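Heads up, the thing below is written out as structure tokens.
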Amino acid sequence: MCYSTQSGYGSKHRMRRTFPEFQIVLQPIVDLETETVYAYEALCRGPHGENYSELVKDFEPFEIPAFDKLAMARSLRLAAAMRLEQSGVKLAINLGPLMELRGKDAYYVVRLAKHYGLRADSLVLELSEGVRLDGNELARIVDLHRKAGVVIAIDDFGAGYAGLNVLARCAPDVVKIDRELIKGIASNRAKKTIVEAFSKVCRKMRVKLIAEGVETVEEYLTLRGFGIRYMQGFLFARPVGCEIPQVRYPRSEPKHFSRITRTELEWFRNAIRQ
-12 MCYSTQSGYG SKHRMRRTFP EFQIVLQPIV DLETETVYAY EALCRGPHGE NYSELVKDFE
48 PFEIPAFDKL AMARSLRLAA AMRLEQSGVK LAINLGPLME LRGKDAYYVV RLAKHYGLRA
108 DSLVLELSEG VRLDGNELAR IVDLHRKAGV VIAIDDFGAG YAGLNVLARC APDVVKIDRE
168 LIKGIASNRA KKTIVEAFSK VCRKMRVKLI AEGVETVEEY LTLRGFGIRY MQGFLFARPV
228 GCEIPQVRYP RSEPKHFSRI TRTELEWFRN AIRQ
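Written out as structure tokens, the structure reads:
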């Protein structure tokens, strides 16, 4: 079992004595041109499948950074145990809540990676578009990590109103399109237009674009049609803990041709005889 609890940290705000049980699960981000895994995103899951938001819903705001640090420690420890770095695969961690409350502590993950023997360039730090930091502070934190060699990603891009401003200000290495823009994209003209535009902008800026939340072959084919190379979602693998997820790479749907009519068949036979 990977589930366990952890005592909280002392605080003048009377930090809770224990955090809820949770484990770290990994979901692959795949490179569809090489059919390899680019990175594994580390996600929190409770014993009954609760996601991060559900796990921290009863937390006081001042308790969240301590929980985030614990989750980061477990994520990096798991990456070290599974030797992800040696296989050339990165570990992606979302820093949104931690940065929002304690921007000065965001560098903590780099120090922790060093503790577990991981290089900084094996990490992808996903910054939520909704992080409530002013532009200068966000740029400072991004610059701090980039100088250490960390890959910088903007998560949930397109979910808020500051997306293009954040993209211009941070000049990230990676952008992850919000899953709500991906869901049902095959039959939604507006979503197609928006995502295709994002794809062109990122290509022009030489930014890796990742489509997350891809669940159907139709979504996959639409996104591939826009030239999107990196994807993440249930179509490829569900998040799993304590092991490397098995990845499924979809194939293009076969073309269906109309049945040959009797007249066409007769014409074909006559042509052969001649």
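The numbering used here numbers the first residue of the sequence shown as -12 and each following residue consecutively.
All C-beta atoms in this analysis are idealised placements derived from N, C-alpha and C, irrespective of residue type, glycine included.
Nothing here was measured: the structure is a model prediction, and the numbers come from that model.
CB contact flag (residue i, residue j, <8 Å)
| i | j | result |
| --- | --- | --- |
| Ala79 | Ala26 | yes |
| Phe223 | Arg211 | no |
| Leu110 | Val137 | yes |
| Tyr103 | Ala67 | yes |
| Phe144 | Asp165 | yes |
| Ile11 | Ser62 | yes |
| Gly36 | Pro7 | no |
| Ala135 | Ala158 | no |
| Tyr207 | Val17 | no |
Reduced DSSP category for residue i - H, G, I as helix; E, B as strand; rest coil
| i | result |
| --- | --- |
| Lys170 | coil |
| Gln73 | helix |
| Ile141 | strand |
| Cys157 | helix |
| Asp130 | helix |
| Glu50 | helix |
| Tyr39 | helix |
| Tyr217 | strand |
| Thr203 | coil |
Straight-line Cα distance separating residue j from residue i
| i | j | result |
| --- | --- | --- |
| Asp45 | Lys191 | 43 Å |
| Leu65 | Leu19 | 25 Å |
| Asn81 | Ile128 | 14 Å |
| Val153 | Ala126 | 9 Å |
| Tyr94 | Ala173 | 40 Å |
| Gln219 | Arg225 | 9 Å |
| Ala200 | Glu167 | In the sequence under discussion, the amino acid at residue 200 is Gly, which differs from the Ala named in the question. In a straight line, the C-alpha of Gly200 is about 8 Å away from that of Glu167. |
| Ala60 | Val96 | 8 Å |
| Leu42 | Leu57 | 13 Å |
| Thr21 | Ala184 | 24 Å |
| Ile141 | Val227 | 23 Å |
Residue(s) in a DSSP beta bridge with residue i
| i | result |
| --- | --- |
| Leu110 | Leu78 |
| Ile16 | Ala26 |
| Cys31 | Ile11 |
| Ser115 | Asp142 |
| Ile197 | Lys163, Tyr217 |
| Thr21 | None; Thr21 has no bridge partner. |
Of the listed residues the options, nearest to residue i (C-alpha basis)
| i | options | result |
| --- | --- | --- |
| Thr263 | Ile197, Leu196, Thr209 | It is not possible to answer for residue 263, since the shown part of the chain is limited to -12 through 261. |
| Glu205 | Cys189, Pro52, Lys170, Ile197 | Lys170 |
| Pro237 | Gln10, Phe6, Thr23, Glu8 | Thr23 |
| Ile231 | Pro15, Phe9, Glu8 | Pro15 |
| Lys187 | Ala58, Arg70, Val162 | Val162 |
| Leu151 | Val182, His132, Arg98 | Val182 |
| Ile215 | Cys229, Ile197, Glu202, Thr203 | Ile197 |
| Ser115 | Ile139, Asn123, Thr5 | Ile139 |
| Arg98 | His132, Met69, Phe9 | His132 |
Any non-hydrogen atom of the ligand GDP within 7 Å of residue i CB
| i | result |
| --- | --- |
| Leu125 | This structure does not include the ligand GDP; it has no bound ligands of any sort. |
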